[in-house]
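*Asks:* One structure coming up, written as structure tokens, with questions to follow.
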Amino acid sequence: MSIWDRPPGQLAAAYHALPERQRNRLLVGLGVSHAEIAGRYHEPYHALRSYLEALDAADPPLPSTARIIGAHGPQMTRLAAARTTGVHPYLVGPAHTAWARSMLGEGPLLALEQTVIPHIDAGKARATARAMLAPYLGLRNYRSAWLRGGFAVEDLSGGGSDRLIDELFAWGRPDEIATRLTEHHRAGADHIAVQVVTDNFDTFARQAWRDLAPELLAP
Numbered sequence: 087m088s089i090w091d092r093p094p095g096q097l098a099a100a101y102h103a104l105p106e107r108q109r110n111r112l113l114v115g116l117g118v119s120h121a122e123i124a125g126r127y128h129e130p131y132h133a134l135r136s137y138l139e140a141l142d143a144a145d146p147p148l149p150s151t152a153r154i155i156g157a158h159g160p161q162m163t164r165l166a167a168a169r170t171t172g173v174h175p176y177l178v179g180p181a182h183t184a185w186a187r188s189m190l191g192e193g194p195l196l197a198l199e200q201t202v203i204p205h206i207d208a209g210k211a212r213a214t215a216r217a218m219l220a221p222y223l224g225l226r227n228y229r230s231a232w233l234r235g236g237f238a239v240e241d242l243s244g245g246g247s248d249r250l251i252d253e254l255f256a257w258g259r260p261d262e263i264a265t266r267l268t269e270h271h272r273a274g275a276d277h278i279a280v281q282v283v284t285d286n287f288d289t290f291a292r293q294a295w296r297d298l299a300p301e302l303l304a305p
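Residues in the sequence shown are numbered from 87 upward in steps of one, following the working numbering.
This is how it looks when you write it as structure tokens:
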């Protein structure tokens, strides 16, 4: 959830209003959103740090072990390591995973998202990826993260270069997709939230999940 949408005391109260068995299974994801979306957006690092301090001061507090931050940059990642259970990066490749683990050190949770596209045709897979990526290419926070990660401005134009698409998205056969997830684990990921995207964004990709499941569940 965006820190601009709910006061920290209200969030802590909502958390503690849940039955204990639900609280024990819950991680509260926090993020600063984007200047292009959040009307109150300002000084995101300081705003998030103050929000976490307010969660600590709530009565009762929202425990640091029950919260995770959507973070990509060095300041936010270090803050997450110090004040939460870890980070949840979105639209990142294995190189970012290795960097994030080096920033976090051992211990903090690195639970990233990986978008997968079950197309074996490169042209179709990349077209689907570009359609999904389009809303994010204009957001300054994501653009900064990708440029910081070694991409050039040219990679962010025209819907995204093939190099950018192939780094952020896993596509191909189920075993090829599973190989990408293994790369993330080897780079330091503790958990990967797999998001399956097909040509029809509004339909649950049941068959694609069934095709992919045996590879993801393999020992």
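Glycine included, C-beta positions come from ideal geometry on N, C-alpha and C.
Computed from a predicted structure; not experimentally measured.
Taking 8 angstroms as the threshold, find out whether the region 259-267 comes into contact with the region 280-300 through three or more Cβ pairs.
*Replies:* yes
*Asks:* Cα separation between G117 and A181?
*Replies:* As a working note, residue 117 is residue 31 in the sequence shown. As a working note, residue 181 is residue 95 in the sequence shown. Each residue's Cα considered, the two are about 22 angstroms apart.
*Asks:* For A238, which of helix, strand or coil comes out of DSSP?
*Replies:* Numbered from its first residue, the sequence shown carries residue 238 at position 152. A238: coil per DSSP, three-state reduction.
*Asks:* Let me see if you follow: with CB-CB separation under 8 angstroms, is A186 close to chain C or not?
*Replies:* Annotation note: the requested chain C is absent from the structure, which comprises a single protein chain.
*Asks:* Here's the rule: buried if 16 or more other CB atoms are within 10 angstroms of the residue's CB, otherwise exposed. What is R212?
*Replies:* For the purposes of this step, residue 212 is identified with residue 126 of the sequence shown, where counting begins at 1. Classification of R212: buried, given that the 10 Å Cβ count is 16 or more.
*Asks:* State the start and end residues of the unbroken alpha helix (DSSP H) segment that holds G179.
*Replies:* Position 93 of the sequence shown, counting from 1, holds the residue named residue 179. Element bounds for G179: n/a, residue is neither H nor E.
*Asks:* Going by CA-CA distance only, name the one from S243, H120, R234 that's closest to G156.
*Replies:* Numbered from its first residue, the sequence shown carries residue 156 at position 70. Nearest of S243, H120, R234 to G156, Cα basis: H120.
*Asks:* Find the nearest neighbour of L148 within the set H128, Q293, H102, judged by alpha-carbon distance.
*Replies:* Counted from its first residue, the sequence shown places residue 148 at position 62. Comparing Cα-Cα distances from L148 to each of H128, Q293, H102, the minimum goes to H102.
*Asks:* Give the DSSP bridge partners of G329, in chain order.
*Replies:* What the structure shows of the chain is the stretch from 87 to 305, and residue 329 is not part of that stretch, so it cannot be assessed.
*Asks:* Who are the near neighbours of I278 in its chain, counting only those whose CB is closer than 7 angstroms to its CB and skipping five residues on each side?
*Replies:* Counted from its first residue, the sequence shown places residue 278 at position 192. Closer than 7 angstroms at the Cβ level, and outside the excluded window around I278, lie L198, Q200, L267, H270.
*Asks:* For F111, count the other beta carbons within 10 Å of its own beta carbon; 16 or more makes it buried, fewer makes it exposed. Which is it?
*Replies:* Counted from its first residue, the sequence shown places residue 111 at position 25. Rather than Phe, the amino acid found at residue 111 in this sequence is Arg. Counting Cβ neighbours within 10 Å, R111 comes out exposed, since fewer than 16 surround it.
*Asks:* Excluding the 5 residues flanking Y307 on each side, which residues of the same chain have their C-beta closer than 8 angstroms to its C-beta?
*Replies:* Residue numbering for the chain in the displayed model covers 87 to 305; residue 307 lies beyond these limits and cannot be assessed.
*Asks:* Quick one: is I206 buried, meaning 16 or more other Cβ sit within 10 Å of its Cβ, or exposed?
*Replies:* For the purposes of this step, residue 206 is identified with residue 120 of the sequence shown, where counting begins at 1. Classification of I206: exposed, given that the 10 Å Cβ count is below 16.
*Asks:* In or out: R153 buried (at least 16 other Cβ within 10 Å) or exposed?
*Replies:* As a position in the sequence shown, residue 153 is number 67, starting the count at 1. Under this definition R153 is a buried residue.
*Asks:* Indicate, with yes or no, if the ligand MG has a heavy atom lying under 7 angstroms from the CB of T163.
*Replies:* Of the ligands one can find in the structure shown there are none, so the ligand MG has no counterpart to examine.
*Asks:* Smallest Cα separation from S150: which of Q161, V239, L165?
*Replies:* Position 64 of the sequence shown, counted from the first residue, corresponds to residue 150. If you compare the alpha carbons of Q161, V239, L165 with that of S150, the shortest gap goes to L165.
*Asks:* By Cβ distance below 6 angstroms, which residues in the same chain neighbour T170 in space, the five residues on each side in sequence not counted?
*Replies:* Sequence index remark: in the sequence shown, residue 170 carries index 84 (1-based). Answer for T170: S150, R153, I154, I155, listed in chain order.
*Asks:* Give every residue of the same chain whose Cβ lies closer than 8 angstroms to the Cβ of R135, excluding the five residues on either side of it in the sequence, and list them in chain order.
*Replies:* By 1-based counting over the sequence shown, the position of residue 135 is 49. Hits under 8 angstroms: L165, R169.
*Asks:* Distance, Cα to Cα, W232 vs H174?
*Replies:* Mapped onto the sequence shown, residue 232 falls at position 146. Mapped onto the sequence shown, residue 174 falls at position 88. Between W232 and H174, the C-alpha separation is close to 16 angstroms.
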